[in-house]
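Chains as they are written, first to last, in our numbering: chain A, 1 to 491; chain B, 1001 to 1480.
The block underneath contains the structure these notes are about, expressed in structure tokens.
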């Protein structure tokens, strides 16, 4: 298996008949089999993937390709509903659920000829930042610290999606990001993770966590691949009322790493004494690099940044408490028998949901309750508006904003803080972007003293994904990050 | 009767009407809404709240709601918001109902009703759109409840009145009026039996001069009879409680259609905390000025306007006009018949004879066996003196049975009227000559015998003589 595989390089290999889709798919299925210890996949679509690959090879023979990328296998977060393939949201309550419909995003992938290898592990209902809340157990980060053999978290909630790309269990994957669930695991695994603007990608058919924040996006090895996958999955969908009619661009074709004359903002509120020195160093270096490449570095202020996390942990659970009400044992999913309706509800939901999900349902129910609604939910919405206007002001001055993706690099699974609030801090740099509905990308910049990847985050104004990808491409080209994890699981 | 019962008490009544929007598809999905279909045959992924499904507003339902708002003389809100009303129930698949809470699509308005004391304005607080829930079937299995989701997601308009009604009669008039307006607009079929229109009634009582009493809400009344009975029962119950020195608890009550009683369903303390919040799956609904204007222009003539016109054009009494406009089909039927005919005669024949036939046959006017054209022909023959009123009744009945036209029956049966004065004079002479005793008695002051002579003359003519001419001639001869 060559580490240099990307969507772009595989498209070329397929085009030149250097490899068939079936061979490629088999190779990845073998990697998945050998990488079982990483626990990336909840469901492996062995047979279906091979059948689909054969069909793709036939299309190639008959010159009837769906796209340049026809026949490339990818991995899909187990939050996207996939027709005939178990879709669990990594929850016990949906552990037996097989949709008879296909999400818009995965349908778009199918329309481009991409092949699904299976469904990737994640935090239960995408609630978590370490992948530990999955009913199917933690995903292991392919990376290990030079100082220890202990397993590290891959980040979350799209932990399986990030780890699978990082460990070559797929070349690219789909994730979802509600408060950092694409960017944070991308940062922890040395991959590229893109969260598009709210409304850029359809939410139809994706198990909902927090509807006003959820957005699907790609996790890839390169910025180019992120652009390719975004081209495939994005666009208006009339089945999603919040989907934007804003025309999408041809992100890959228009990718242009020239950043001369651009202004890049460094928000002072993201600075912290607690930030690891290596992360601070990467952030500073990257700013200098952009300056060298022709951009102007501007100090900016996003004054309400520190209020983002508390606001997020009111809004997201509030929406989740309502979104998860449908898992009641009546129509699909787990049902635990009870003496009457209420008893059935209680038993089903007690058994079906894990602790973190229950915690958030309780928080969400509380903040929406009469008497508390104004003090919590309305106040949080006001903060959300203030955060949005922070960014509106900032983008009057700059083209893009550069920050670290996460306050730390990957940590040991065993060392995950038991205090949930401590855990919520993992998302401190990513959450404001969701609240403001903006596009953000995490790209690997360097490895720290423990040889663990450090991710940096770029943010642009709404629907300026092209600019976002262009700046990311500029950094990627300049630093040429090529670290890969040692494949300890093969030994 | 009711007035006696509540003597010395004020009744305060407010009503929430749940009207099913007349629409081929549901509020947020494209599933059909046909009544009486096989259980769970009209259910989309959205209606069943499958994971990842999202609602998309049905524009036609919005149009219907705005039209209804215009018909209720109400303010149309250019921005409204759909909220989630959260509660668990087996027939509520999402675990929440999408409704409108703080920002409804239609604001304040009013309707006018006829009361014993003349016209009365009843305030409308708001109209909002919401989804219906499914239906729970408790009688299909001893151990399980079955759920039919055909209704799940159907668009309802909830029309909330102000507490402006003070008798069960006013309450019924109000519901009738709203129903009639919606039917004229075509925004709700108003079919109460099928549940297309239901009412929740809020009732409280108080002594004049005292502050308002505690109200109870009686849920889900689906006929005028039940609305009336529920209000009467509830008012009596509350008055009795107060007179016994007890207090009325604020609660939701159910009406038992068998016993005619209401019973407690849940108290205020047990009320759900619905945790309303704006549905993040739907953007705020904004309406364009021009679009609203376009709808305003498309609104047909409504009952109040038609009534005014009928009174003006045809000199109808307010009472008759009211009966005619209470229903769109009736007013259309009436206007068809009355064109170029005597309005008084037409009114009598529509609201009197035709209605009594329809009542007897338990038919609505849309299914009338006599078309407006046929009734017009009958009226023409009365007007030109060809047949008498009495004969016309017979002809109408015959028309009903045979489906034949009036003229055809008149010709066939020879029921045409004798209007020839000479012919009638010989009949009258015949009667008077054969009854000299009675003529004598009449002339001595026994006025009542006049009817006897008329009757005899009519009998002699086999009912065909024009009664007016018979009357005139007998009067003339006897006074000689």
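Every residue, glycine too, gets a C-beta built ideally from N, C-alpha and C.
These figures come from a predicted structure and were not determined experimentally.
- For residue 472 of chain A, no beta strand (DSSP E) encloses it; the enclosing alpha helix (DSSP H) starts and ends at 465–479.
- For residue 457 of chain A, the enclosing beta strand (DSSP E) starts and ends at 453–460.
- In the DSSP assignment, residue 74 of chain A falls within the beta strand (DSSP E) that extends over 73–77.
- Neighbourhood of residue 242 of chain A in chain B, by CB distance below 9 Å: 1054, 1280, 1281, 1282 and 1283, in chain order.
- Between residue 214 of chain A and the set B:1280, B:1198 and B:1152, the nearest pair of CA atoms involves B:1280.
- If you look at residue 1098 of chain B, you'll find it in the beta strand (DSSP E) that goes 1096–1099.
- The beta-carbon of residue 266 of chain A is placed no less than 8 Å from the nearest beta-carbon of chain B.
- Taking a C-beta distance under 8 Å as the contact criterion, residue 210 of chain A and residue 178 of chain A qualify as a contact pair.
- Here residue 191 of chain A carries a coil assignment [DSSP, helix/strand/coil].
- Contact between the region 392–400 of chain A and the region 1288–1298 of chain B is not established, with fewer than three Cβ pairs separated by less than 8 Å.
- A distance of 8 Å or more separates the beta carbons of residue 122 of chain A and residue 95 of chain A.
- Taking a C-beta cut-off of 9 Å against chain B, none of the residues of the region 393–413 of chain A qualify.
- As computed with DSSP, residue 1157 of chain B is found in a beta bridge with B:1019 and B:1129.
- Under the three-state reduction of DSSP, residue 1232 of chain B is assigned to helix.
- With 16 or more other Cβ atoms from the protein chains shown falling within 10 Å of its own Cβ, residue 125 of chain A counts as buried.
- For residue 453 of chain A, the closest of A:77, A:442 and A:459 by C-alpha to C-alpha distance is A:442.
- Taking 8 Å as the cut-off, the beta carbon of residue 356 of chain A is found no closer than this to the beta carbon of residue 191 of chain A.
- Runs of the beta strand (DSSP E) spanning 3 or more residues and lying entirely within the region 1420–1459 of chain B do not occur at all.
- Taking 8 Å as the cut-off, the beta carbon of residue 43 of chain A is found closer than this to the beta carbon of residue 119 of chain A.
- In the DSSP annotation of this structure, the continuous segment of the alpha helix (DSSP H) that includes residue 1304 of chain B starts and ends at 1303–1314.
- Within the region 359–390 of chain A, 365, 368, 369, 370, 373 and 377 place their CB atoms closer than 8 Å to a CB of chain B, listed in sequence order.
- Going by C-alpha positions, residue 1219 of chain B is about 19 Å away from residue 1086 of chain B.
- The residues 227, 230, 231, 465, 466 and 469, in chain order, have a CB closer than 7 Å to that of residue 251 of chain A in the same chain once the five nearest residues on each side in sequence are set aside.
- By the neighbour-count criterion, in which a residue is buried when 16 or more other Cβ atoms sit within 10 angstroms of its Cβ, residue 476 of chain A is buried.
- The C-beta of residue 78 of chain A comes no closer than 8 Å to any C-beta of chain B.
- When A:113, A:224 and A:23 are compared, the shortest CA-CA separation from residue 8 of chain A is found for A:224.
- Just so you know, the alpha carbons of residue 1270 of chain B and residue 1253 of chain B end up roughly 13 Å apart.
- Shown here, residue 1119 of chain B sits in a strand according to DSSP, grouped into three states.
- Residue A:154 holds the alpha-carbon nearest to the alpha-carbon of residue 409 of chain A among A:48, A:110, A:154 and A:107.
- In this structure, residue 197 of chain A sits near residue 462 of chain A, with a CB-CB distance shorter than 8 Å.
- Contact annotation for residue 122 of chain A against chain B: no contact, minimum CB-CB distance about 14 Å [criterion: below 9 Å].
- In the structure shown, the three-state DSSP call for residue 265 of chain A is strand.
- If you draw a straight line from the Cα of residue 27 of chain A to the Cα of residue 50 of chain A, it comes to about 11 Å.
- Using a Cβ-Cβ cut-off of 8 Å, residue 180 of chain A does not count as an interface residue toward chain B, since no Cβ of chain B sits closer than that to its own.
- Under the Cβ criterion of 8 Å, residue 1119 of chain B is not counted among the residues facing chain A.
- Residue pairing by DSSP places residue 1418 of chain B opposite B:1465 in a beta bridge.
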